[in-house]
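Please read the structure below before turning to the comments.
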Amino acid sequence: MGNIFPRWLNFLPLQVLIALGGVGTLIVAVIWYSFTPKYTRVGYEPQQPIPFDHSLHAGQLGMDCRYCHSNVEESSHSNIPNAQVCWNCHGPGKVKSDSPKLAVLRQAMDTNSDGYTGEPIRWVQIHETPDYAYFNHSAHVNRGVSCVECHGKVNEMAVVSHQKPLSMGFCLDCHRNPESRLRPIDEITNLDWTAHDLDRDEFYAYLAGKTGKSADELKAEGPEKIDQEALGAYLKDAWNIHPPQDCAACHR
Amino acid sequence: MANGTTDQALHPSEAEGVAREPLVLNNRSFSWITERICGIVENRQPLGWWFLFIPSVLLAGVLIGTLVYLVSTGVGVWGNNQPVAWGWAIVNFVFWIGIGHAGTLISAILFLTRQKWRTSVNRSAEAMTLFAVVCAGIFPGFHVGRFWMVWFLAPVPNANAIWQNFKSPLLWDVFAVSTYFTVSVIFWYIGLIPDLATLRDRARTKVRKVLYGFFALGWRGGNRQWQHYEMAYLLLAALSTPLVLSVHSVVSFDFATSVVPGWHTTIFPPYFVAGAIFGGFAMVLTLMLPCRLIYGLQDMFTMKHIDNMAKIILLTGTIVGYAYIMELFISYYGANKYESDAFYLRILAGPYRYYYYCMFFCNVIAPQIFWFEKARKNLWIVFIVANFVNAGMWFERFVIIPTSISVDFLPAQWGIYHPSITEKLMFLGTFGLFMTLFLLFLRFLPVIAIAEVKGVLPQADPHYHDWKKIKEGRRGPGFPRPGSPDPSDVK
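Sequence order for the protein chains is A and B.
Note that our numbering has the first sequence beginning at 1, numbered continuously upward.
Note that our numbering has the second sequence beginning at 1001, numbered continuously upward.
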């Protein structure tokens, strides 16, 4: 009987093997790179109805985050301010009240304006926790986790974008090693703060009020040089922080 | 003893003094075997094949329908809930995976122990094994709820920082079953290569030539090819032998390593392995008894094979019976109150006690008839008992799994489990899938290992013709020549 297959087909298995290896590597590489929140979420920068400039308000003017996101310390949800909060400063006769950028605000608030509807401003949500994950803002900010850890340096953003992956791995990084993220509660909304800014005397005086020991006692016990790890370890111990790592902590 | 006995020594089977039943009856020739087995694949299928195939495909469609319904609606369409979180899905998984044990036992362990009767059974038993494992895999796969998340079971670094719990027997199960399936597929395929080449060489149409030729991997049957082939086959047999014992042991760990009374038992691994071989052989008989009649394979798949398998069923069934009784004895003899209560409810007072009675009758009592040779030689009895065993092994898994968790430590948590219609249809559907795959296997692949069966024919012995001549008095006393092996030593 004759040959069913041509001679060159002898090398086909090898070629197929090499091709499969290449395709396999490519698929792994593509999934590895682009199927993670590092790729799918980071950089998301939607256009907002009003081009509210965080770098101007929170950065240059130094407004506290909590002026607008006022419930963050009490609530699991950090609220988006309603139009009344904007109106406090941008109302009639106040700051830039005639700016064309604020037309949407005037539609929401100014009964005398042309297109008044009374409709709330439809801000576009950027950071979103999935429904199956429970996240509590107050639990974090009241235990020394700054806004910046999850939201990045919003005080430098003209347009807010998604800066951190907020994947489950991202949450677990901190829950497994909270020392690297804890800071004094006063500095929660100070997004530029680092542990090196900390004044040692001031820190222990501050802690004295919290722990019931005198500042000198604490200073004697505490670490010599305050870097983030030392501070974090100290705060973790002092505040008895044990971030849960079981499934039910977030998936309730 | 060399020369003195040669004139009496004829065929080795006779030389041994004990007449062994030949493995292939009626002194069939090489070409008859090729014709008969390849004929199944090359000719039109008998009507019986279509009568089985069409309902099987429809049932497989039912399986697909229930799976679509399950995925699109959610696992709530199953009846399992607290406290019985493991219902029919896990029962069916263990049932199918158990059936998948006969194939590797026949192909690997019987190969290493040189049981030559395996040659005409191993191909179909291995195919059945693979299809049973496919059916088994469906249940835990969908039992996880969101089956597209099944990749969480694999240790792949991921953005969720999820890592497997290597202390969990459920994870060992994933590895054990997937290893078993992979090795079984390779083993089965390696065994098929020479036969695929036979089919290729006999093929008349271009499509058949190309397809069988492709899968035959250029097999020519040369000496070097056979040398490599047999070494590969031997190594794979050695590799899969531990798997026969490990897979169902690991499956039993799913239960045995927990603390649930009725599950937490050290007897489980050997008891499960014996049960798996028991159920697997019953399924081989269930499939092959009709098959050998429909396709006229009685000369290769002989009464001797059926007799051997019936004996294995008797042995393993008795081991299983010992395990049942030992479980009861320990629950009575041990000091664990929960254990004794669990077994009291299981056999006397609980809602599932009838399952226990069915199980005990089907698995322990029914096979005892195989002590009698007459029963082993009666195909109807063998077929009926094999089906009792098939049913009994399902009852056994039901008795172990839902019964134990329906009565836990706290009476406040006790509850009854009712399977939903979706679960029932899904189980029925896996039979459709299983039969569809098996019938397609009959249709397209040689059901008996042609090359291997030829190897156990008397004609395959290099000295067959010499002995024949001696027997017929055509060979003088000069035989055997100096240096040639003594015929009575040649197997």
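For every residue, glycine included, the Cβ atom is placed at its ideal position computed from N, Cα and C.
Here leucine 1192 of chain B carries a helix assignment [DSSP, helix/strand/coil].
Under a 10 Å Cβ-count criterion, glutamate 1452 of chain B is classified as buried, with 16 or more other Cβ atoms of the shown protein chains found around its own Cβ. Shown in chain order are the members of the region 1154-1179 of chain B whose Cβ falls below 9 Å from a Cβ of chain A: Pro1157, Asn1158, Ala1159, Asn1160, Ala1161 and Ile1162. Along the region 148-175 of chain A, going in chain order, the ones with a CB nearer than 9 Å to a CB of chain B are Pro165, Ser167, Met168, Gly169, Phe170, Cys171, Leu172 and Asp173. In the three-state scheme derived from DSSP, where H, G and I count as helix and E and B as strand, valine 1210 of chain B is classed as helix. For aspartate 64 of chain A and tryptophan 87 of chain A, the gap between their C-alpha atoms comes out near 17 Å. Excluding the 5 residues flanking it on each side, glycine 93 of chain A has no same chain C-beta neighbour closer than 8 Å. For secondary structure counted as the alpha helix (DSSP H) over 4 or more consecutive residues, the region 48-127 of chain A holds these complete runs in sequence order: 65-68, 83-90 and 103-109.
In this structure, the alpha-carbon of threonine 40 of chain A lies about 11 Å from that of alanine 1159 of chain B. If the five residues before and after valine 85 of chain A are omitted, its C-beta is found closer than 7 Å to the C-beta atoms of Cys68, all from its own chain and listed in chain order. The beta-carbon distance between leucine 182 of chain A and valine 148 of chain A, rounded to whole angstroms, is 13 Å. This is too long to meet the 8 Å contact definition. With contacts defined as CB atoms closer than 9 Å, glutamine 1298 of chain B and leucine 1025 of chain B qualify as a contacting pair. For phenylalanine 5 of chain A, at least one C-beta of chain B is nearer than 9 Å to its own C-beta. Beyond the five residues adjoining it in sequence on each side, phenylalanine 1142 of chain B comes within less than 8 Å, by CB distance, of Leu1067, Leu1070, Val1071, Val1075 and Ala1089 in the same chain, given in chain order. If you look at cysteine 1038 of chain B, you'll find it in the alpha helix (DSSP H) that goes 1030-1042. Taking every protein chain shown into account, the CB of glutamine 163 of chain A has 16 or more other CB atoms within 10 angstroms, so this residue is buried. In the DSSP assignment, leucine 182 of chain A forms a beta bridge with A:Val145. Cα atoms of alanine 1335 of chain B and phenylalanine 1329 of chain B: separation of roughly 12 Å, rounded to the nearest angstrom. Spatial neighbours of tyrosine 44 of chain A in its own chain (CB-CB distance under 8 Å, excluding positions within 5 residues in sequence) are listed in chain order as Ile126, Ser161 and His162. Restricting attention to alpha helix (DSSP H) runs no shorter than 4 residues, the region 1028-1112 of chain B encloses them at 1030-1042, 1047-1073 and 1088-1099, ordered along the chain.
By the Cβ criterion, the region 102-110 of chain A is in contact with the region 45-55 of chain A, since at least three pairs of Cβ atoms, one from each stretch, lie closer than 8 Å. Look at valine 1133 of chain B here: in three-state DSSP terms it is helix. Taking a Cβ-Cβ threshold of 8 Å, the residues of chain A close to valine 1210 of chain B are Ile4 and Phe5, in chain order. In this structure, the straight-line span from the alpha carbon of proline 178 of chain A to that of proline 243 of chain A is close to 8 Å. Close partners of proline 244 of chain A in chain B (Cβ separation under 9 Å) are lacking, with about 14 Å as the shortest Cβ gap. One thing to note: serine 180 of chain A has its Cβ no nearer than 9 Å to the Cβ of glutamine 245 of chain A. Distance from the Cα of proline 1242 of chain B is smallest, within the candidate group B:Ser1340, B:Ser1184 and B:Ala1216, for B:Ser1184. Annotation: the continuous alpha helix (DSSP H) that includes cysteine 171 of chain A extends over 168-176. For chain A, the residues of the region 1208-1241 of chain B that bring a beta carbon within less than 7 Å of one of its beta carbons are Lys1209, Val1210 and Gly1213, in chain order. Taking a 10 Å sphere around the C-beta of histidine 1418 of chain B, we find fewer than 16 other C-beta atoms and assign the residue as exposed. With its beta carbon at least 9 Å from every one in chain A, arginine 1044 of chain B lies outside the interface.
In the structure shown, isoleucine 1448 of chain B adopts coil according to DSSP, grouped into three states. The residue among B:Thr1403, B:Asp1341 and B:Ala1125 with its C-alpha nearest the C-alpha of threonine 1286 of chain B is B:Ala1125. The beta-carbon of arginine 1204 of chain B is placed no less than 9 Å from the nearest beta-carbon of chain A. The criterion of a C-beta distance shorter than 9 Å is satisfied by isoleucine 1040 of chain B and valine 1447 of chain B. Spatial neighbours of cysteine 1135 of chain B in its own chain (CB-CB distance under 7 Å, excluding positions within 5 residues in sequence) are listed in chain order as Trp1096, Thr1430, Leu1433 and Phe1434.
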